[in-house]
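Heads up, the thing below is written out as structure tokens.
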Amino acid sequence: MPHIQVDHSPDFDPSPLLPLLTTELSAIESVDPAAVKAYCRPAAAFSPGTGAPKGFIHLSVCVLAGRPGSVLAQMADRLDSVARTYLAGRVPYPMSLTLEIREMDPQTYRKGAVH
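Under the working numbering, the first residue of the sequence shown carries the number 1031, and numbering increases by one thereafter.
The following block contains the structure:
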């Protein structure tokens, strides 16, 4: 934890963005770099509404609850800036880019390695 989940329309691969997001999140106060995981999840299908961009990229950043709102806002702002800067000029057509920080309950979250 934290997890950076990058959901996206099936015809665009944003995976080169992952190390940039991982590095930026790791530099934020209270984030353990060894705990950060980032991965892409292409949508099996995508149907935009009338007038909406043809594609999408949505970043869900899941962190354990307990950080001040100012730190969560900093996470959102910094990761959004990294994503927008990287994606500008690299997308094949206009795409919707959204990001949200999700807090997970530390009482119900479990973490451990399997061997």
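Each residue gets a CB set at the ideal place from its N, CA and C atoms; glycine is no exception.
Inset, instruction - May I ask you to verify whether the stretch 1119-1132 touches the stretch 1062-1071, counting CB pairs closer than 8 Å and requiring at least 3? - result: no
Legend entry - CB contact flag (G1099, F1042, <7 Å): Looking up residue 1099 in the sequence shown gives position 69. Looking up residue 1042 in the sequence shown gives position 12. No, these two residues do not count as a Cβ contact at 7 Å.
Legend entry - Rounded separation between T1115 and A1106 - CA only: Walking along the sequence shown from the start, residue 1115 turns up at place 85. Walking along the sequence shown from the start, residue 1106 turns up at place 76. Taking the straight line from one Cα to the other gives about 14 Å.
Legend entry - Proximity to A1073 [Cα-Cα], best of Q1035, E1059, R1132: In the sequence shown, counting from the first residue as 1, residue 1073 sits at position 43. Closest option to A1073, Cα to Cα, is Q1035.
Inset, instruction - Kindly indicate which residue of M1134, R1108, A1143, V1144 has the alpha-carbon position closest to the one of S1056. - result: Taking the sequence shown and counting its residues from 1, one reaches residue 1056 at position 26. Checking every option, the nearest Cα to that of S1056 belongs to R1108.
Inset, instruction - Report, in whole angstroms, the separation of the C-beta atoms of A1095 and M1134, which I expect to be a contact under 8 Å. - result: Working through the sequence shown from its first residue, we reach residue 1095 at position 65. Working through the sequence shown from its first residue, we reach residue 1134 at position 104. Yes, they are in contact, since the Cβ atoms of A1095 and M1134 sit about 6 Å apart, within 8 Å.
Legend entry - Rounded C-alpha distance that separates P1046 from V1093: Position 16 of the sequence shown holds residue 1046. Position 63 of the sequence shown holds residue 1093. Cα to Cα, P1046 sits roughly 22 Å from V1093.
Inset, instruction - Find the nearest neighbour of P1078 within the set R1132, I1131, H1038, judged by alpha-carbon distance. - result: Position 48 of the sequence shown, counting from 1, holds the residue named residue 1078. Residue H1038 is the option with its Cα nearest to P1078.
Inset, instruction - Could you have a look at G1079 and say whether DSSP puts it in helix, strand or coil? - result: What you label residue 1079 is simply residue 49 of the sequence shown in a count that begins at 1. Coil, per DSSP.
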